[in-house]
Amino acid sequence: METSSTPTRRTVLATAGAAAALAGCSNSGDGGGGGRTTPTPSAPATPAQSSPPASQPAHALAKTSDIPVGGGKIFADQKVVVTQPQAGTFKGFSAICTHQGCTVSSVSGGTINCPCHGSKYHVADASVAHGPATRPLPARQITVDKGSILLP
């Protein structure tokens, strides 16, 4: 089925998720320079692509002290949740619920919580703690540098 020129929420979320997955796969280094700034001829940009290239500088999300031990913080604009399951261990996950695409809204009681249908994910590995979701939240690459949490 053809879609109109105005993308639907599902199209935007799918495109953002695909771009995030590609960015996480293509930038396995430490976030330093030397990356490409233009698409390769074998991977032309599509009109729906709105994410910056993966070679952009890392974006500082928060200070490590902003993320509570045993909890986490949601960065809705970046669609990422950062957790600290144990002191000094930081994890990044997608903030998009795998059940029906809602953005998770809180981190409490050791779980990442979706407001739409009650799905809950463990802060340690984003596995499902309570359904209806059946799949874990996908991992998102984050780095910790000098007390800051960065999103490449």
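If you use numbering that gives the first Met the number 0, the sequence shown corresponds to residues 0 to 151, in order.
Here a beta-carbon is modelled for each residue, glycine too, at the ideal position from N, C-alpha and C.
Query	Result
DSSP state of S93 mapped onto helix, strand, coil	strand
Stretch pair the segment 81-95 + the segment 121-130: three plus CB contacts closer than 8 Å	yes
Inter-residue spacing [alpha-carbon to alpha-carbon] between S118 and K90	19 Å
Exposure of G130, with buried meaning 16 or more beta-carbon neighbours within 10 Å	exposed
Length at least 3, wholly inside the segment 67-143: the beta strand (DSSP E) runs in chain order	70-74, 79-85, 88-93, 105-107, 110-112, 119-121 and 127-129
Own chain residues within Cβ distance below 6 Å of L136, not counting five before or after	F92, S93, Y120 and A125
Distance between A138 and S104 (C-alpha atoms, nearest Å)	17 Å
Of the residues Q140, C115, I141 and I111, the one placed nearest V127, counting alpha carbons only	I111
Cβ distance (whole Å) where T142 is taken to contact A59 below 8 Å	With 8 Å as the limit, T142 and A59 do not qualify as a contact, their Cβ atoms being about 10 Å apart.
Cβ pair K62, G146 closer than 8 Å	yes
K66 to H98 span [Cα, whole Å]	Residue 66 is actually Ile in this sequence, not Lys. Using only the alpha carbons, I get a separation of about 25 Å.
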